[in-house]
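A short write-up of the structure that comes next.
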Amino acid sequence: MKLLKTFLFIGSAVFLSASEKEFLENPPYAYNGISIGRTAETERTPDGEGAFEVRVRYGSADLAWPSQLRNNIPAEKIRGAECGELEFWAKGPAGRSMRLGLNSEDFSGDETIRYTDTATFPMTGKWQKIVWRFRISKPVVGHYADVPRYALLNTQAGDKFLLGPVSLKVLSRKDFPVPQPEVPAGWRALPESELYITPGSALDFRRIIDRRPAGSLGRVIVNRAGKLAFEKEPEKEVRFFSVQGFPDMMTKSQLKEYAAAVARQGFNMIRLHFLDTYLNFQKKETPWLKKGVNKPVDLPQDASEIHFSPIALDRIFYLIACLKAEGVYVNLDLQCSFYGYRNGTAPSGYPKDAENAKIQMFISEKFRKNYTAGTKKLLNTVNPYTGLALKDDPAVAMLCFYNEQDILLDHRNYGKEFHPAYVRFLKDKYGTPEAMNKAWKTNFPSFESVPKFGSLPRGDRSEQTAAMTEFAAKMQADMDDFYRRVVAECGWRGLSSNWNMRPYLCSVPARSKLDLVMLNSYHAHPEFRGGETVVSQRSSLASGGNSFSHSTTVRFLDRPFVVSEYGHVYWNRYRHEEGLLWGAGAAFQGWSGLTPHANNVVKYMKKLEPFAVGVDPITRATEQIAMLAFLRGDVREASAAIEYEMKPEFLFSYHLNTGLSSEYYQLWPLVKLGVSFGGKHRSIDPVLRLAPSRTGAVGGGLLYTENETSSKRDISEAIVADLRRKGVLNALNRTDVSRGRFESCTGEIFLTKERGGEMTVSTPRLCGIVKKTDCVGKAGALTVLKNSVPVAVAAASLDERALPESRRILLFALTDARSSNMKFLDREETRIKYAAKGSLPDLIKTGVFKIALDRSGGKMKCYALDLSGKRVGEIPVKQEPERLVLEFDTAKTPIPATSYELVAAD
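For the sequence shown, counting from 1, position 308 maps to 673 in the working numbering; every step adds exactly one.
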């Protein structure tokens, strides 16, 4: 019998030896109505080791499934093991039980694989040594496993459990063959590799921007030109490209490694999204109650009553300090929770009921006090690793008051809750019911008897609807006044924003008072319908880049604009369009920040999922293309702009679920677009100033927005004619609205809705082509001579030279990627059952490509790169007069790569 003894310290990697400090910093993850923290110094195991304390807030009788603790470790520690033994000290109330098992990790929604049978241990009320011998019956897959997963049974609210360090003995080993899925024709399995970018590789983007420690140049400000800048360099524009989310269950050494990986992947900002729920025991600790069980919830009214997990807070503060050293700034959401700061007592799900904080914050003093208390605690707590509270740290560049609080009539029930405020508004506006009835052409006996807010249909154009829309605008503006007072009382001196979901006309007045404007926008956002996930397979370019273009109607020309979430979501087959569309588009429009959503930087491959962009080979590459265009600044900002002047009589003449017509914003490839309302923060000089007259419906789901696309084009054609008369578009400009063709005033961007949607970007150091059909496409120094499948191809100089002279070039050829074993429910591959989303290995759509680069700088060699940037094989390069040619079939190359490195041969 082979004996290997290894000590596991809960929630961290496995160590042959480790200090008590390492154990205490890394707890297992607590799920479903429990919380975990360090014990008092007096509560040690019988062996004298430190322990963790688990507090039960909801008993088993109230919960839909048992409370759990998941001790997540590298799966390598049990891979190949057949029999083993776990040993640890535990203490729990008599009459309670602890059930142990070994399971696969399922943090990203993967179906759990149970590697062992379970064993249940009754608690005695005293310290007891738990010794569990187990047998693994299935191959261990993935990079992490729960060793063990503890389930707490027969619990009651108020129970306390204590857990000591865990040791593992592997008693015997056995080879478990892992079944390999069949790879369909036209696809190829992508070999596993680490995903943190290799230092010094062609994908190491650490040096494409200034990497001084964040805050070195003072706070991020808005300069005289309406751009983001640093206090100590106010004339120099700065842009941000943001990673989103934060890593759970990492040791401090792993957090430091993660921060360095964020910088190497090119990001210079992190958006801390749902930080309130993470700190306030409202993420995985939130209880899932049985149907019909109703429990009182806690809504603290003072900062002293709000509890943050000490472990989570310490982890976040250390991460911020590490990121700061890497030149990474922070965009902070003050609140994302649907319930407020409730110390882990919030119910589960996303209700439409009145307890939703996104409704109550408008009208409830109790919810506003809770927000104030949580915000003060968050902004005023001093980070021990920087010596600064978040409100005082110049590395915290900007904040959003409340993510996606926009008024969503189709998804939240506002009528009853808003009615008293609506009645007060009507009294102030009209004075008497008679005056109101005269304006509305109605006969209501009193203000109180009018229909509830939001009850009128979308198509209604009456004076009554206009009043409702004006009321919505006032509610949002008043809401922002409250938020500004709260952060001012905390001492916040940085930038702030809000209303980042819907491009409503009624939100324009509130946005006009913000320091900067934010918006979230998606193409092919998933819909969730009765156990199915639905993802559109339409091309964004075929609609003129609609998910990008409607953002221009939110942007104010006199201040910064930051996209706080965006993405072409997996498994949309055309998400390779994202990099050139968003990177080149944002640079051309002169925006200030981009935030691809979400979980962008991860160390290991997993099966692909919507929003898990860090493991998606296609989206990882599109982000780096976007960084080159936008963050490095390869695409020029337009010098000409159109200002859409918003007047109250236009904004309040329509239903509140209304935005600008697409006739106005489909012109985004030509010039900069933006709006104005009331007084301007800074002077602007647009080439055209127009008062819009047409609108389009704005809808979507609880988590995403969709905009109506107009079939009309007379307004667009008239604007283009004006731009030609003014000389903004010259005689060679290929814009033709009737054919869906749009070319920028700089000549660097061309987009056409023809042939399924195509786009080219032509600059000295970056050229790119998105095309569906197998015909020749040219963009500056880049030519695609053959593509057997739809593709996005981009080439970027990695030195200061233009592409034809560059000695190091990064080339992308992006098709599609899927997980193995995906089982679609329809021919269009839009619908899939939640449990049928597939498995590793990830697959790449293969194709035959012939790509040429203009070349005057000598011969080059080409290497295929894995996802970390390591060279994995050479691709033949044919040198022709004044150009080099690459011809390859990704079904036959060393790996089905998405990126390639060309280097000078001499």
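Where a beta carbon is used, it is the ideal one built from N, C-alpha and C, also for glycine. In this text the structure is predicted, and so the values were computed from the model without any measurement.
Query	Result
Just how far apart, CA to CA, sit ASN633 and VAL761?	12 Å
Are the CB atoms of SER1041 and GLU1008 nearer to each other than 8 Å?	yes
Using a threshold of 8 Å, state whether the C-beta atoms of LEU1175 and LEU1218 are closer than that.	no
When you compare each of THR651, THR740, ARG680, PRO975 to THR710 by their alpha carbons, which one comes out closest?	THR651
Hey, quick one: how far does the alpha helix (DSSP H) through ASP1278 stretch, first residue to last?	No answer is possible for residue 1278: the residues shown for the chain start at 366 and end at 1271.
Just how far apart, CA to CA, sit SER1279 and GLY856?	In the structure as shown, the chain starts at 366 and stops at 1271, and residue 1279 therefore has no counterpart that could be examined.
Among the candidates THR407, TRP430, ARG409, whose CA atom is the shortest distance from the CA of ASN329?	Because the chain is modelled from 366 through 1271, residue 329 falls outside the range shown and cannot be assessed.
In whole angstroms, give me the CA-to-CA distance for TYR509 and TYR939.	31 Å
I need the boundaries of the alpha helix (DSSP H) containing GLN619, first residue and last residue.	617-629
Report the three-state DSSP secondary structure of GLY1061 (helix, strand or coil).	strand
Under 8 Å Cβ to Cβ from ALA624, same chain only, skipping five residues before and after it: list those, please.	LEU684, CYS687, LEU688, ALA690, GLU691, VAL693
Would you grab the beta carbon distance between MET763 and ASN696 for me? Rounded to a whole angstrom, and I think it's under 8 Å.	5 Å
Provide the residue span of the alpha helix (DSSP H) that contains SER462, from first to last.	That residue, SER462, is in no alpha helix (DSSP H); its beta strand (DSSP E) goes 462-469.
Rounded to whole angstroms, what's the CA-CA distance from SER774 to GLY819? Just pull it up for me.	Per the sequence presented here, residue 774 reads as Leu, with Ser not at that position. Using only the alpha carbons, I get a separation of about 6 Å.
Mind pulling the beta strand (DSSP E) runs of 3 or more residues that sit fully within the stretch 633-687?	634-637
Excluding the 5 residues flanking LYS1235 on each side, which residues of the same chain have their C-beta closer than 6 Å to its C-beta?	THR563
SER991 lies in the alpha helix (DSSP H); which residues open and close that run?	The question names Ser, but residue 991 is Ala in the sequence shown. Residues 982-991.
For ALA804, does the three-state DSSP call read helix, strand or coil?	helix
Under a three-way DSSP split, which group does VAL693 fall into?	coil
Which ranges would you report for the beta strand (DSSP E) in the stretch 418-447 if only whole runs of at least 3 residues count?	432-439
When the distance is taken between beta carbons, is PHE1177 closer than 8 Å to THR1263?	yes
Under 8 Å: do the stretch 1080-1095 and the stretch 902-913 share three or more Cβ pairs, one atom per stretch?	no
Of all the beta strand (DSSP E) runs that stay within the bounds of the stretch 861-894, which reach a length of 3 or more residues?	882-888, 892-894
On a CA-only basis, which of SER425, PRO1034, PRO1057 is nearest PHE1015? Give me that one, please.	PRO1057
Decide if ASP1231 is buried, meaning its Cβ has at least 16 other Cβ atoms within 10 Å, or exposed.	buried
Please confirm whether GLU1113 and ARG1001 have their CB atoms less than 8 Å apart.	yes
Taking VAL919 as the reference, which of ALA831, VAL980, SER1076, SER1026 has the closest Cα?	SER1026
Since GLU1028 is in the beta strand (DSSP E), which residue starts that stretch and which ends it?	Per DSSP, GLU1028 belongs to no beta strand (DSSP E); it is in the alpha helix (DSSP H), 1027-1030.
Nearest by alpha-carbon distance to GLY1044: which of ARG1166, GLY1105, SER877, ALA1229 is it?	SER877
Let me check understanding here. Comparing Cα to Cα, which of THR616, GLU942, ALA446, GLU974 lies closest to LYS534?	ALA446
For LYS502, count neighbouring Cβ atoms within 10 angstroms of its own Cβ and tell me buried if that reaches 16, exposed if not.	In the sequence as presented, Lys is not what sits at residue 502; that position holds Ser. Exposed is the call here.
Taking GLU1247 as the reference, which of PRO1169, GLN619, TRP956 has the closest Cα?	PRO1169
Would you mind sorting SER432 into buried or exposed? The rule is 16 or more other CB atoms within 10 Å of its CB.	buried
According to DSSP, is PHE1253 part of a helix, a strand, or is it coil?	strand
My parser needs the beta strand (DSSP E) runs of 3 or more residues fully inside the stretch 993-1040; what are they?	1006-1010, 1023-1025
If contacts are defined as beta-carbon pairs under 8 Å, then VAL900 and THR1195 qualify, I think. What distance do you get, rounded to the angstrom?	6 Å
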